[in-house]
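Asker: These protein sequences, in sequence, are chains C and V.
Every letter in the first sequence is one number past the one before it in numbering that gives the first Met the number 0, and letter 157, counting from 1, is 156.
Every letter in the second sequence is one number past the one before it in numbering that gives the first Met the number 0, and letter 331, counting from 1, is 330.
No residue lacks a Cβ here, since even glycine has one placed at the ideal position from N, Cα and C.
Mind looking over this structure? Questions follow.
2 protein chains.
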Amino acid sequence: MRYSELFGKTTKTAPHDAESTNARLLTQAGFIDQLMAGVYTFLPLGLLVLKRIQQVVREEMDAIGGQEILMPALHPKEHWNTSGRWNDPGKEVMFQFEGRGDKEFGLGWTHEEIVTPLAKRFIKSYRDLPVAVYQIQDKFRNEPRAKSGLLRGREFSMKDLYSFHANQESLENFYEEASAAYLRIFERCGLDAIVVEASGGAFAKYSHEFQVLTEHGEDHIFVCEGCRYAQNKEIAEITPGGKCPKCKKGKIEEQKAIEVGNIFKLGTRFSDPFELSYTDETGKKQPVVMGCYGIGPSRVLGSVVEVHHDAGGILWPESIAPLSVHLLTLGKEEDVRETAEALYLELWEAGIETLFDDRELSAGGKLADADLIGLPHRIIVSKKTLEKKGVEWKKRSEEKAKIVKTEKIIEVILGGEGEEGE
Amino acid sequence: MRYSELFGKTTKTAPHDAESTNARLLTQAGFIDQLMAGVYTFLPLGLLVLKRIQQVVREEMDAIGGQEILMPALHPKEHWNTSGRWNDPGKEVMFQFEGRGDKEFGLGWTHEEIVTPLAKRFIKSYRDLPVAVYQIQDKFRNEPRAKSGLLRGREFSMKDLYSFHANQESLENFYEEASAAYLRIFERCGLDAIVVEASGGAFAKYSHEFQVLTEHGEDHIFVCEGCRYAQNKEIAEITPGGKCPKCKKGKIEEQKAIEVGNIFKLGTRFSDPFELSYTDETGKKQPVVMGCYGIGPSRVLGSVVEVHHDAGGILWPESIAPLSVHLLTLGKEEDVRETAEALYLELWEAGIETLFDDRELSAGGKLADADLIGLPHRIIVSKKTLEKKGVEWKKRSEEKAKIVKTEKIIEVILGGEGEEGE
């Protein structure tokens, strides 16, 4: 990808909600563009990251047996009346409106009202259970406080999985598998998430949130400094300063955090009103027991930026970086240009996705942009490096650059040998 | 994929708008589920096809230099006031509603009002032109007649590309490239589309539609039986029965067709109200000239079913089939089961995506389901085939099955040798 041709370059302009670090850095680096509060366009670089996160989520959901489907965002009122949620929480959360013929619609902010009657079409017998379906799709919320960039949107990317079970035990087993899958997802995306007990609703004492500890978070949690057992402040039975009831050793602290996922035992909250049942081994009708499991890929993206940045810009984890290498030239000499052009092709041929800043711009401007954009590797070709028959290579996360022989740089990036100190 | 575990099996139930062939077959085959008129869930098999079509579109858009972005579906009223389209066509086409604080929103049915001010952020100079961006995203229409399955939806998948140019000549050149790319897309998806002249609006005599001739189409076009020069009936200057003005030989006929794509020279229709301009080589401000280019992947999916089916069900083209092989067993013998299980693993290892109908069901039921689902290849393992040390293999599009030696079947599917007549 040539930077000169890229749609969505770096900018000094900060968005209106510049109090949010993720919105500021992602906008300035040319990853997103704010259309209005809580609503963003993903530019080419931003969309690459979003897709990588979605793919990590997809792989882990497939690994626990989730089957991908795609439900609509446009919902009929009737389904939400069945659950009672058309009026409560109603317009507090949902965009609701009329179409032709006075038909009333809402925009999906969750999909229990759609997936439960859908499941009813296909679940008849105990042989059809357990089963789990998920989708990755944009959701909508009539959000009062959309000032946190990608952390709280009126429109946002969501992965929601729903599981269906013959009994509570089957749900509990799958719930544990899903929880483990969630921790793998966050780890793969470079987030250190902890499991936090939260309000459980009618069918379970607790639900579980996945929280990333950061001072920029909106959530307040009480967490053990030792074993990291945690509860959301809203429901906490533990108190800051007290001793952890789990490990009996650590002290409980209050911390701010970003919620990046949650899992919930629904029980028969939705199978009851939608009459979702199955016939058991003895021929008797039984209600289906459900669970739901949510992760917001766009919120994960914002959280990664909140956690992984420095004064110069973003530091993308390798696993979800839009591209791997930022290649740039300093100086206008012909052999500098030619070496960089040849290396650019070689990198792509070696499967190393490379952004080539081929603009005529000051050294300072190019280096600042590379820091802001935050790709994991930076390669500089200049008159100085060519004199040493090499290129300058630096990891974004490290201070010091090294000179590497031009013919060795691909090995170095791929993690092989060939590194040479300057 | 094991059919016994698949969410979304075949059903005898036809949807409410059963007059539409695509809705009937896709529902009965377990590809889609109707939530309400014009709004469908894509089940696992349906989503696989939709993604394959989207990927074909993506590859061809990338090939002509399109850069993928993702714009929101939730739009602020202000942008649509700028173009004048908040009121005209307004609610005739757009779902419009209020959120918190009396803020007015609309759901995107097209994205000129979003992409033009976005482009204004990044296009300053002639050096920034030409540039083209596209997205693949769900669009919404307040549709009065949503009775054609996936052909006319209230919510539907859309690829829309927008191109930006310094002058008309640059637009004309790109327009031709885009037109050729569109024909490649339809060909790759198994659709024989023709280019049809249609109403051009303020800035061009014609726009161009891509139409698939079929008696199930909603559009009426006049087309030359010889060279296939065509005009939409709505604007036609040619008349049925007359001689073709292009090839001077063929006769003009009236035909029904499905519109699967359209391309449009917008000129400065949107750059004027949004004041999208650039500085030319002489330092003078000039308006940017725009084009737009749409294909609906979900409509393409519906069109493929309208064109490729028989009395038994769907006939998927190889290029977009959800999976390649439908493997099934007839009879309950242990060696039949074991042979099929082993072959199932071998097929996947060879990269041949296979649906394995491992249910205990009558031969008739399994064969009817294979026809309905319509995967390109069918393999049967039975006592009879094992006696001949082989499996029965048939292409969905062909009448006659053959016995192929078990160890040769993968070669045969991959197009190698090893075929043997029965």
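#1: Alpha carbon to alpha carbon, how far is residue 412 (chain C) from residue 376 (chain C)? Give it in angstroms, no decimals.
#2: Looking at C-beta atoms only, is the number of pairs between the segment 2-15 of chain V and the segment 194-210 of chain V that lie closer than 8 Å three or more?
#3: Is there a C-beta anywhere in chain C that falls below 7 Å from the one on residue 143 (chain V)?
#4: Are residue 328 (chain V) and residue 339 (chain V) close, meaning C-beta to C-beta below 7 Å?
#5: For residue 45 (chain V) and residue 6 (chain V), I'd like the C-alpha separation in whole angstroms.
#6: Does the segment 154-171 of chain V come into contact with the segment 188-199 of chain V, if we say contact requires no fewer than three beta-carbon pairs (one atom in each stretch) closer than 8 Å?
#7: Going along the segment 287-300 of chain C in order, which residues come within less than 9 Å of chain V, judged by CB to CB distance?
#8: In the DSSP assignment, what are the bridge partners of residue 241 (chain C)?
#9: Under three-state DSSP, which class holds residue 389 (chain V)?
#10: Give me, in chain order, the residues of the same chain whose beta-carbon lies closer than 6 Å to that of residue 318 (chain V); leave out the 5 immediate sequence neighbours on both sides.
#11: Return the bridge partner residues of residue 220 (chain C) from the DSSP annotation.
#12: Going by the beta-carbon positions, is the gap between residue 109 (chain V) and residue 272 (chain V) smaller than 7 Å?
#13: At which residue ranges does the segment 91-122 of chain V contain complete alpha helix (DSSP H) runs of 4 or more residues, listed in the order of the chain?
#14: Just how far apart, CA to CA, sit residue 23 (chain C) and residue 308 (chain C)?
#15: Any contact of the segment 210-229 of chain C with the segment 242-262 of chain C, i.e. 3+ C-beta pairs under 8 Å?
#16: Our contact map puts residue 262 (chain C) next to residue 292 (chain C) with C-beta atoms below 8 Å; I'd like the distance itself, whole angstroms only.
#17: What does the alpha-carbon distance come out to for the pair residue 346 (chain C) and residue 337 (chain C)?
#18: For a contact defined as C-beta to C-beta under 7 Å, what are the partners of residue 8 (chain V) on chain B?
#19: Comparing the C-beta of residue 101 (chain C) with each C-beta of chain V, is any distance below 7 Å?
#20: Can you list, in chain order, the residues of its chain whose CB lies under 7 Å from that of residue 34 (chain C), leaving out five sequence neighbours each side?
#21: Whole beta strand (DSSP E) runs in the segment 150-210 of chain C with 3 or more residues, listed along the chain?
#22: Confirm, please, whether the CB-CB distance from residue 381 (chain C) to residue 330 (chain C) is below 7 Å.
#23: Mapping the DSSP letters down to three states, classify residue 297 (chain V) as helix, strand or coil.
#24: Which term fits residue 177 (chain C), buried or exposed, when burial requires 16 or more other beta carbons within 10 angstroms of its beta carbon?
#25: Quick one: any contact between the segment 240-249 of chain V and the segment 122-137 of chain V, if contact means 3 or more CB pairs under 8 Å?
#26: What separation, rounded to the nearest whole angstrom, lies between the Cα atoms of residue 124 (chain C) and residue 183 (chain V)?
#27: I'd like the list of long-range same chain contacts for residue 387 (chain C), defined as Cβ closer than 6 Å, with 5 residues on each side in sequence excluded.
#28: So the beta strand (DSSP E) residue 325 (chain C) belongs to, where does it begin and stop?
#29: Which two residues bound the contiguous beta strand (DSSP E) that contains residue 38 (chain C)?
#30: Listed from N- to C-terminal order along the chain, which residues in the segment 369-382 of chain C have their beta-carbon within a distance smaller than 8 Å of any beta-carbon of chain V?
#31: In chain C, which residues lie with their C-beta within 7 Å of the C-beta of residue 153 (chain V)?
#32: Residue 109 (chain V) versus chain C: which residues are under 7 Å apart at the beta carbon?
#33: Could you tell me whether the Cβ of residue 98 (chain C) comes closer than 7 Å to any Cβ of chain V?
#34: Could you name each continuous beta strand (DSSP E) segment of 3 residues or more that falls completely within the segment 330-391 of chain V, going from the start of the chain to the end?
#35: How close, in whole Å, do the beta carbons of residue 301 (chain C) and residue 150 (chain C) come, if the pair is a contact with beta carbons under 8 Å?
#36: Among V:370, V:325 and V:334, which has the Cα closest to the Cα of residue 311 (chain V)?
Answerer: Looking at the coordinates:
#1: Start at 1 with the first residue of the first sequence, and residue 376 (chain C) comes out as number 377. Start at 1 with the first residue of the first sequence, and residue 412 (chain C) comes out as number 413. So the alpha carbons of these two residues sit roughly 8 Å apart.
#2: no
#3: The sequence position of residue 143 (chain V) within the second sequence is 144, counting from 1. Yes, contact with chain C.
#4: By one-based count along the second sequence, residue 328 (chain V) stands at place 329. By one-based count along the second sequence, residue 339 (chain V) stands at place 340. Yes; because the gap between Cβ atoms is below 7 Å, this pair is in contact.
#5: In the second sequence, the residue the question calls residue 45 (chain V) occupies position 46. In the second sequence, the residue the question calls residue 6 (chain V) occupies position 7. Straight-line Cα distance between these residues: approximately 11 Å.
#6: no
#7: none
#8: Numbered from its first residue, the first sequence carries residue 241 (chain C) at position 242. DSSP, once it has assigned bridges, lists no residue as partnering residue 241 (chain C).
#9: By one-based count along the second sequence, residue 389 (chain V) stands at place 390. Strand at residue 389 (chain V).
#10: As a first step, residue 318 (chain V) is located in the second sequence; it is residue number 319 there, counting from the start. Excluding positions up to five away in sequence, the list reads 187.
#11: On the first sequence, residue 220 (chain C) is found 221 positions in, with the first residue counted as 1. Note: residue 220 (chain C) sits in a beta bridge opposite C:231 and C:254.
#12: As a position in the second sequence, residue 109 (chain V) is number 110, starting the count at 1. As a position in the second sequence, residue 272 (chain V) is number 273, starting the count at 1. No, the Cβ-Cβ distance between residue 109 (chain V) and residue 272 (chain V) is not below 7 Å.
#13: 111-121
#14: Reading the first sequence from its first residue, position 24 is the one you call residue 23 (chain C). Reading the first sequence from its first residue, position 309 is the one you call residue 308 (chain C). Cα to Cα, the separation comes out at about 12 Å.
#15: yes
#16: Mapped onto the first sequence, residue 262 (chain C) falls at position 263. Mapped onto the first sequence, residue 292 (chain C) falls at position 293. Indeed, because the Cβ distance is near 5 Å, the residues count as touching under 8 Å.
#17: Within the first sequence, residue 346 (chain C) is the residue found at index 347, counting from 1. Within the first sequence, residue 337 (chain C) is the residue found at index 338, counting from 1. Rounded to the nearest angstrom, the two C-alpha atoms are 14 Å apart.
#18: Any reference to chain B falls outside this structure, whose protein chains are C and V.
#19: In the first sequence, counting from the first residue as 1, residue 101 (chain C) sits at position 102. Closer than 7 Å: no.
#20: Numbered from its first residue, the first sequence carries residue 34 (chain C) at position 35. Excluding residues within five positions, the ones whose Cβ falls inside 7 Å are 40.
#21: 154-164 and 192-198
#22: Your numbering for residue 330 (chain C) matches position 331 in the first sequence. Your numbering for residue 381 (chain C) matches position 382 in the first sequence. In contact: residue 330 (chain C) and residue 381 (chain C) (Cβ atoms closer than 7 Å).
#23: Stepping through the second sequence from its first residue, residue 297 (chain V) is reached at position 298. Residue state, collapsed to three classes: helix.
#24: Against the first sequence, residue 177 (chain C) aligns to sequence position 178. Buried, because 16 or more other Cβ atoms sit within 10 Å of the Cβ of residue 177 (chain C).
#25: no
#26: Position 125 of the first sequence holds residue 124 (chain C). Position 184 of the second sequence holds residue 183 (chain V). Their Cα atoms are separated by approximately 46 Å.
#27: Position 388 of the first sequence, counting from 1, holds the residue named residue 387 (chain C). Taken in chain order, the residues that qualify are 402.
#28: By 1-based counting over the first sequence, the position of residue 325 (chain C) is 326. Residue 325 (chain C) -> beta strand (DSSP E) spans 324-329.
#29: Residue mapping note: residue 38 (chain C) aligns to position 39 of the first sequence, counting from 1. Here the beta strand (DSSP E) through residue 38 (chain C) covers 38-41.
#30: none
#31: Counted from its first residue, the second sequence places residue 153 (chain V) at position 154. Chain C residues near residue 153 (chain V): 73.
#32: As a first step, residue 109 (chain V) is located in the second sequence; it is residue number 110 there, counting from the start. The premise fails here: residue 109 (chain V) is roughly 15 Å from chain C at the closest Cβ pair, so nothing lies under 7 Å.
#33: Translated into the one-based positions of the first sequence, residue 98 (chain C) becomes position 99. With 7 Å as the cut-off, residue 98 (chain C) counts as an interface residue toward chain V.
#34: 353-356 and 376-381
#35: Numbered from 1 along the first sequence, position 302 holds the residue referred to as residue 301 (chain C). Numbered from 1 along the first sequence, position 151 holds the residue referred to as residue 150 (chain C). Confirmed, about 5 Å.
#36: By 1-based counting over the second sequence, the position of residue 311 (chain V) is 312. It is V:370 whose Cα lies nearest to the Cα of residue 311 (chain V).
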